[in-house]
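Before any comments, here is the structure.
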Amino acid sequence: MERVFIQGNEAVGEAALAAGCHAFFGYPITPQNETFEWFAQKFPKMGRAFVQAQSEVGAINMVYGAAATGKRVITSTSGPGWGLMQEGIANLCAAELPCVIVLVQRGGTPGAPSVQHAQADYLSATRGGGGSGYRNIVLAPASVQETCDLVQLAFHLADKYRNPVVILSDALIGHLMEPLELRELKFDSLPEKEWAVRGKGQQNDKKRRYVTFAAVVQGREPYPTMMSFAKHWYDKVEKMKSEVRAEMTQQDDCKLWIVAYGYTSRVSKEAVNEARVQGLGVGFIRPITLWPFPEKAISEAIEKGAEKFLVIEDNIDGQMIEDVRNASQGKAEVHHLGLFARHLPTPAGMILPHTVFKEMKRLL
Amino acid sequence: MKGVQVTEKVLVSGNPRLWNRSVGRYPYCPGCQHPLMERLLAEVIDELGIEDYAIGVTGVGCHARLCMPLDIDVVQVIHGRAADAATGIKHALDGKPIVFTVQGDGDCASIGSEGFLGACHRCERISIFMLNNTNYGTTGGQMGPTTLMGQKTTSTPEGRTESDGYPLHVPELVATMRGVCYAARGALTTAAQYQQTKKFIRKALKRQMDDVGMTFVEVLVACPANWRLKPVDSLKWIQEEVIKEFPLGEFKDVDKT
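So the protein sequences, as listed, match chains A and B. If you number the first sequence the way my numbering does, the last residue is 369 and the count never jumps. If you number the second sequence the way my numbering does, the last residue is 516 and the count never jumps.
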């Protein structure tokens, strides 16, 4: 198997290629430019589509058009561009169009935005910032290899549920250079996209297709009424909730459990390993799907004796902590270690393993 | 309904093959000229023989269901984003289909101005057909980007003044852009105008089939319900007032960008 030494942002491209993605639409924004440039350099030469859109609003609606043709399509952005895409994402969900959206988080400190790392988009990625109450699966990679694997999974899940899937990365995972095994993942086969527009003459039955985000307004089959679509949507969301994935270690009798994703999960893991060396029992949960959130992992930890959770995420007041609190149902204390624990009081500051370790010792 | 019937009887008879009016609910007000545009598109697509690979894109507004009765593949996208969606479709299908948008003046030239200018700028091989009824019809007749000076709307109750800005001339604007190979404006108030507009639309699609560049056609249409005019008076108002502000004709026609 071929091994390469590349960045997380470039691994997105390799994964898209392995998944048979046909088109990329995007707009330059730091810190995801390596992804954007990867597609600019590779896709046109392969006879695939790359378009530099006039904005992220344009990009996400080009994704809408491309997804309506049934081709696999991807876009990539960071915080401010993510904000611009919200309307489009809501309507991709409403039109049930599959696509992959990579969000490489950057500094989102209110009043002091930076293009360096942060984990400030958890809530808008998992809750959605567009209208009408939609849901989308969110996958959070913590390494270059996992970026490549999860992007491939994202294409599969997007097609499986006819829904956008979000990859929530961050500037550090995106710029991290690590060896990558270029492996093409195999998934269960999915039905043909007989709903896609291709031009009437290209359809097997030679009948026209009509893709719209407003099926109910248009009164079109198979959802002629609001309630019939609502029921369909409810069932679909329930099925999507079964796609929970999480990494869990140290499942024996631990009172303190660390919960972290993305770059802070790498940092935390090191602190947890150090704790083990020193004979301290500390559990570790890394949600891989942020939505659906692995609530069962939290309740399992409580069954195993967890009394405290420490959520490590690089933002001001905690975002994922809400999901941990929700899942723990008041049966354990939930603490947050975030932006104020950075080793430097600047955008370049990071939460380092020894800081996490110190906080763990304080709570034990 | 009377106004619509009169208009249609004056101009045409019979139904084009690709125009299936039994599809969906009939959403238009009396005297609205959108159905005429449906008919025109159905005729042109049939004449050019592109029904098997034509894809229509609409946004949100009165035009939103305009492609619904056309017997071709159709995509509807949110307000103002039809040019972007059309771009995505064209690229994803490797440039093979003939992709056109039908948009209102507000959808295209106000909320969608970024999208359609971006498409013109990149020389996308798509066609934009903008229906100009000088107001926001669906929402009850507010000022649009093409509302005439002095024209009363629900958001310019005393008539549009200079403090509201000026009507936007879109074909004239995009004619200055290198990515655009064809820009024209037509109307539908007489049989002669219908034929002229049909010629413009046919030419725009033909240029796209020849892979020359981006094409743009504006079509003036009546909105009697929001203009508070009878259908016949609406046609007169277009002939006497609207055309003065928005002259008909071709503003750019090159076979190479």
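From the three backbone atoms N, C-alpha and C, an ideal C-beta is built for every residue, glycine too.
- Cutoff 8 Å: P327 of chain B Cβ touching any chain A Cβ: Rather than Pro, the amino acid found at residue 327 of chain B in this sequence is Met. Residue contact check for M327 of chain B against chain A: a CB pair falls below 8 Å.
- Task: Would you list the one or two residues that DSSP bridges to H341 of chain A?
- Result: BP columns for H341 of chain A point to A:V316.
- Identify which residue in B:L307, B:C367, B:S369, B:N391 has its Cα closest to the Cα of C291 of chain B. Considering only alpha carbons, the answer is B:N391.
- Message: Out of A:A163, A:E92, A:V149, which one is the CA nearest neighbour of S129 of chain A?
- Response: That would be A:E92, whose Cα lies nearest to the Cα of S129 of chain A.
- Message: Is it buried or exposed, N394 of chain B, if we count other Cβ atoms within 10 angstroms and call 16 or more buried?
- Response: That one is buried.
- Shorter than 8 Å from the beta carbon of N96 of chain A to some beta carbon of chain B? For N96 of chain A, the answer is yes, since a Cβ of chain B falls inside 8 Å of its Cβ.
- Query: For G31 of chain A versus A345 of chain B, is the C-beta spacing smaller than 8 Å?
  - Reply: A345 of chain B is positioned such that its CB atom lies no closer than 8 Å to that of G31 of chain A.
- Query: Taking the alpha helix (DSSP H) that C98 of chain A falls in, what are its first and last residues?
  - Reply: For C98 of chain A, the enclosing alpha helix (DSSP H) stretches over residues 84-99.
- Query: Bridge partners of E15 of chain A, per DSSP?
  - Reply: E15 of chain A is not bridged to any residue.
- What residues of chain B sit near H371 of chain A, judged by a beta carbon separation below 7 Å? No answer is possible for residue 371 of chain A: it lies beyond the span of chain A, which begins at 6 and ends at 369.
- Where L187 of chain A and M6 of chain A are concerned, what is the direct C-alpha to C-alpha distance, given to the nearest angstrom? Each residue's Cα considered, the two are about 7 Å apart.
- Give the secondary structure of R419 of chain B by DSSP, where H, G and I count as helix, E and B as strand, and everything else as coil. Under the three-state reduction of DSSP output, R419 of chain B falls in the coil class, being neither helix nor strand.
- Does the beta-carbon of E308 of chain A have 16 or more other beta-carbons within 10 angstroms, so that it is buried, or is it exposed? By the neighbour-count criterion, in which a residue is buried when 16 or more other Cβ atoms sit within 10 angstroms of its Cβ, E308 of chain A is exposed.
- List the endpoints of the continuous beta strand (DSSP E) containing E477 of chain B. Element bounds for E477 of chain B: 473-479.
- Query: Do V264 of chain A and V329 of chain A have their C-beta atoms closer together than 8 Å?
  - Reply: Using a Cβ distance threshold of 8 Å, V264 of chain A and V329 of chain A count as a contacting pair.
- Taking Cβ positions only, does G133 of chain A come closer than 8 Å to chain B? Interface with chain B (8 Å Cβ-Cβ cutoff): G133 of chain A is excluded.
- May I ask you to list the residues that DSSP assigns as paired with T412 of chain B? Looking at the DSSP assignment, T412 of chain B forms a beta bridge with B:T415.
- For I304 of chain B and M468 of chain B, the rounded distance between their alpha carbons: Rounded to the nearest angstrom, the two C-alpha atoms are 12 Å apart.
- Message: Out of A:M51, A:F41, A:A73, A:Y166, which one is the CA nearest neighbour of S83 of chain A?
- Response: Comparing Cα-Cα distances from S83 of chain A to each of A:M51, A:F41, A:A73, A:Y166, the minimum goes to A:F41.
- Which bits of chain B does E92 of chain A rub up against, with CB to CB less than 7 Å? Within chain B, the residues near E92 of chain A are I337.
- Under 8 Å between C-beta atoms of I79 of chain A and C153 of chain A: The Cβ-Cβ distance between I79 of chain A and C153 of chain A does not fall below 8 Å.
- Would you kindly report the start and end of the unbroken alpha helix (DSSP H) that includes F375 of chain B? Per DSSP, the continuous alpha helix (DSSP H) segment holding F375 of chain B begins and ends at 372-380.
- Query: Roughly how many angstroms separate the alpha carbons of F345 of chain A and I321 of chain A, rounded to a whole number?
  - Reply: Rounded to the nearest angstrom, the two C-alpha atoms are 7 Å apart.
- Query: What are the partner residues of N38 of chain A, as DSSP defines its beta bridges?
  - Reply: Paired residues: none, contrary to the question.
- Would you give the residue range spanned by the beta strand (DSSP E) that G179 of chain A belongs to? G179 of chain A -> not in any beta strand (DSSP E); alpha helix (DSSP H) instead, spanning 176-180.
- Query: Is the beta carbon of A481 of chain B less than 8 Å from the beta carbon of I497 of chain B?
  - Reply: Yes, the pair counts as a contact, with Cβ atoms nearer than the cut-off.
- Query: What are the boundary residues of the alpha helix (DSSP H) that N278 of chain A is part of?
  - Reply: First-last of the alpha helix (DSSP H) with N278 of chain A: 267-282.
- Query: At a Cβ threshold of 8 Å, is T360 of chain B touching chain A?
  - Reply: No, because no Cβ of chain A sits closer than 8 Å to the Cβ of T360 of chain B.
- Completely contained beta strand (DSSP E) runs for the stretch 321-358 of chain B, where each covers 3 or more residues: Within the stretch 321-358 of chain B, the runs of beta strand (DSSP E) that reach at least 3 residues and sit entirely inside it are, in chain order, 332-335.
- Message: Just to confirm my understanding: we take L185 of chain A, look at its own chain, exclude 5 residues before and 5 after, and list those with CB closer than 8 Å. What are they?
- Response: Here the set comprises R8, V9, F10, I11, A16, E19, V149, Q150, C153.
- Message: Strictly under 8 Å for the Cβ-Cβ distance: is M67 of chain A near chain B by that measure?
- Response: Yes, M67 of chain A counts as interfacial toward chain B.
- What's the C-alpha gap between F55 of chain A and F29 of chain A? Straight-line spacing of the CA atoms in F55 of chain A and F29 of chain A works out to 5 Å.
- Item | Where D240 of chain A sits in the DSSP three-state scheme | It is helical.
- Outcome for S270 of chain A when other beta-carbon atoms lying within 10 angstroms are tallied against a minimum of 16: By the Cβ-count criterion, S270 of chain A is buried, with 16 or more other Cβ atoms from all chains shown falling within 10 Å of its own Cβ.
- Item | 8 Å Cβ cutoff, F48 of chain A in contact with chain B | Interface with chain B (8 Å Cβ-Cβ cutoff): F48 of chain A is excluded.
- Message: For a contact defined as C-beta to C-beta under 9 Å, what are the partners of V333 of chain B on chain A?
- Response: Against V333 of chain B, the close residues of chain A are V202, R213, R214, Y215, V216, T217, in the order they occur along the chain (beta-carbon pairs closer than 9 Å).
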